[in-house]
Amino acid sequence: MTEHDGKALTIARIYVEAIANRDVDTIISVSADDIVCTSPRGRLTGTQAFRGFHDGFARMIKKVVVLATFGDDDQAVVVYHAETHPVPNSTVAELLKIENGKIASTEVIYDATPFAAYAATVAPH
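Position in the sequence shown counted from 1, then plus 400, gives you the working numbering.
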């Protein structure tokens with residue numbers, strides 16, 4: 401960390417490294433109890449739902465490479481490349497808003513088309 405890093409950027413780096421390491425407990429530890437996550441899959445609220453979101457993603461991950469992190473004291477952006485079992489090439493960006501030292505919300509941005517195409521080929525359980 402440098403003297404120019406903001407609080408949000410520090411939390412964002414912890415968060416994206418936890419994604420890369422499939423460390424859902426760390427993700428939840430830096431998330432507010434009432435976190436709001438909006439993604440192509442919809443909107444969810446609370447750490448229980450957010451844990452489910454990241455548990456599912458962690459099971460799909462083969463490899464995550466962090467491409468960039470930017471931020472200040474109140475918000476940060478993380479960009480990463482995800483290689484997953486269903487989709488080998490996906491670039492994801494997240495806008496994280498930080499309040500009281502925790503992630504209050506994240507806007508997850510990625511092309512959901514290849515994931516939907518894969519899901520259409522999988523028989524429901």
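Every residue gets a Cβ at the ideal spot worked out from N, C-alpha and C, and that includes glycine. Keep in mind the model is a prediction, meaning the values are calculated, not measured.
Cβ-based burial, residue i [other Cβ within 10 Å; buried from 16]
i	result
L467	exposed
Y454	Before going further, note that residue 454 is His rather than Tyr in the sequence given. Buried, because 16 or more other Cβ atoms sit within 10 Å of the Cβ of H454.
F450	buried
A418	buried
K463	exposed
Whole-angstrom distance between residue j and residue i, CA atom to CA atom
i	j	result
Y415	G442	20 Å
I503	E483	24 Å
P412	G452	The sequence given here places Ala at residue 412; Pro does not occur at that position. For A412 and G452, the distance between alpha carbons rounds to 19 Å.
F515	G406	34 Å
T506	T438	6 Å
K424	D472	The displayed chain sequence assigns Val, not Lys, to residue 424. In a straight line, the C-alpha of V424 is about 24 Å away from that of D472.
F457	V465	15 Å
L496	A408	8 Å
A512	Y518	10 Å
T410	G501	10 Å
Q448	A420	20 Å
R459	P486	11 Å
I428	G446	10 Å
H481	S490	6 Å
R422	I461	8 Å
A520	P440	16 Å
T426	P488	25 Å
F470	L444	24 Å
Anticipated Cβ contact below 8 Å, residue i with residue j, distance rounded
i	j	result
Y510	V492	4 Å
E499	V508	So it is not a contact: roughly 18 Å between Cβ atoms.
Practice task
Say whether the segment 426-441 touches the segment 469-478, bearing in mind that this needs 3 or more beta-carbon pairs closer than 8 Å, one atom from each stretch.
Solution key: Cβ pair count under 8 Å is below three, so no.
Problem - Any beta strand (DSSP E) of 3 or more consecutive residues that is wholly inside the segment 454-519 - result: Qualifying beta strand (DSSP E) stretches, in chain order: 461-471, 475-484, 490-499 and 502-509.
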